[in-house]
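Just below is one structure, and these are the notes that go with it.
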Amino acid sequence: DERVKAYFNALKLDVSDASKLFLLLDYDQSGEISIEEFLQGVQKLKGESRALDMAIMMYEVRWLAEALINLQDFCDKGFARIAPRAS
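At position 48 of the sequence shown (counting the first as 1) the number is 49 in the working numbering, and the numbers step up by one without a gap.
Printed below as a string of structure tokens:
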């Protein structure tokens, strides 16, 4: 939609990678972007492309942190099963 492109251009927001933009705006990871998420996300991202780059990095760091927590839980459960039990 040309109106949406014009809106993003007015905010100096590069939206060449729509899938990453969707991930950034879908903060609660519901698979949908609410009006509130959209408006808050766009306000955070407006400005030079540096703001978008920072937001992408913050998303990736948050994803990695969650992945590490899940890995730690998995390892803890695995080690608990194989560790000798104290009696």
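Even glycine gets a Cβ: it sits at the ideal position worked out from N, Cα and C.
All values derive from a computational prediction rather than experimental measurement.
Secondary structure at residue i, three-state DSSP: helix, strand or coil?
i   : result
I83 : helix
S31 : coil
K13 : coil
D2  : coil
K45 : helix
Short check: CB of residue i to CB of residue j, under 8 Å?
i   : j   : result
I36 : F23 : no
G42 : Y60 : no
L26 : I57 : no
Sort the options by Cα distance to residue i and report the nearest one.
i   : options             : result
K47 : D74, R4 and A11     : A11
V5  : A68, R82 and L40    : L40
R1  : E3, D2, R63 and K13 : There is no way to answer for residue 1, as the model of the chain reaches only from 2 to 88.
K21 : A68, A81 and M55    : M55
Q44 : Y8, D2, W64 and D77 : Y8
Go ahead and label residue i buried or exposed: buried means 16 or more other beta carbons lie within 10 angstroms of its beta carbon, across all protein chains shown.
i   : result
L53 : buried
Can we count residue i as close to the ligand GDP, meaning its CB is less than 7 Å from some heavy atom?
i   : result
S20 : The model on display carries no ligand, and the ligand GDP is accordingly not part of it.
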